[in-house]
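A.B. asks: Chains as they are written, first to last, in the working numbering: chain L, 1 to 112; chain U, 1001 to 1111.
Got a structure for you, questions after.
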């Protein structure tokens, strides 16, 4: 069984740029959620994708967008990066009707 | 908006002492989950509680869900150095898929 993987591990971007983060869900999982975790804080829900459709969204602006592909992998896109977007971005996968989420190792994004 | 508060923010204990973290929600939760995040790591699922007043045990860990389904606690008996990390509660409201995380309690254990 393959766990949740994310790429890249670390990323440094400049304010105003755009970034794409990637996530491969655990084998057999059809749901992916994305979270932003600032230093010393709990993860904040960005959105969730279920079978390629956005299934729910947290309090994040539209410049945060995502995709889920037929193989259930997912992308998080952030446009017009701001300094406050610097954080650990986590994706978590789960399967139908099971609320337990399996987190990936995260992507550390630094915006300068 | 919906909030989940956790206390204390930090707890520094001597190995062998007990530890408890408390979680309180501003709204009634449909269920609550607990996660552990080691330093530099990612959250790892520990348990889910669904029923009012539910109590579950995992070896030295005891989890409780309040009668009103607005609060929860995690108690660790006789802490060990391997218990070091940040413990998060995370709740869901109604049938929403949105998981609301608490701010976490960071546990440090002196050997």
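Virtual Cβ for every residue (Gly too), placed ideally from N, Cα, C.
Roughly how many angstroms separate the alpha carbons of residue 56 of chain L and residue 1097 of chain U, rounded to a whole number?
C.D. replies: Between residue 56 of chain L and residue 1097 of chain U, the C-alpha separation is close to 7 Å.
A.B. asks: Determine the contact status of residue 39 of chain L and residue 109 of chain L, defining contact as a CB-CB distance below 8 Å.
C.D. replies: Contact flag unset, no.
A.B. asks: Any idea which residues DSSP pairs residue 22 of chain L with across the strands?
C.D. replies: According to DSSP, residue 22 of chain L bridges with L/7 and L/75.
A.B. asks: Return the chain-ordered list of same chain residues with a C-beta closer than 6 Å to the C-beta of residue 101 of chain L, the five sequence neighbours on each side being excluded.
C.D. replies: Taken in chain order, the residues that qualify are 92 and 94.
A.B. asks: Give me the Cα-Cα distance between residue 1059 of chain U and residue 17 of chain L, rounded to the nearest whole angstrom.
C.D. replies: When rounded, the distance between both Cα atoms is 48 Å.
A.B. asks: Tell me, which residues are paired with residue 1020 of chain U by DSSP?
C.D. replies: According to DSSP, which records beta bridges pairwise, residue 1020 of chain U is partnered with U/1075.
A.B. asks: If contact means a Cβ-Cβ distance below 9 Å, which residues of the segment 99 to 110 of chain L contact chain U?
C.D. replies: If the cut-off is 9 Å between Cβ atoms, the segment 99 to 110 of chain L has 99, 100, 101, 102, 103, 104, 105 and 106 near chain U.
A.B. asks: How about residue 44 of chain L and residue 35 of chain L: do their beta carbons lie closer than 8 Å?
C.D. replies: Yes; because the gap between Cβ atoms is below 8 Å, this pair is in contact.
A.B. asks: Under 7 Å between beta-carbons, which chain U residues line up against residue 43 of chain L? List them in chain order, please.
C.D. replies: Neighbours of residue 43 of chain L on chain U, chain order: 1043 and 1101.
A.B. asks: Which of the three DSSP states is assigned to residue 110 of chain L in this structure?
C.D. replies: The answer is strand: DSSP assigns residue 110 of chain L an E or B state.
A.B. asks: On the premise that residue 1052 of chain U lies in contact with residue 1064 of chain U, defined as a C-beta separation below 8 Å, what is that separation, rounded to the nearest angstrom?
C.D. replies: Actually they are not in contact, since the Cβ atoms of residue 1064 of chain U and residue 1052 of chain U sit about 11 Å apart, beyond 8 Å.
A.B. asks: First and last residue of the beta strand (DSSP E) that includes residue 1014 of chain U?
C.D. replies: From DSSP, the beta strand (DSSP E) with residue 1014 of chain U extends over 1010 to 1014.
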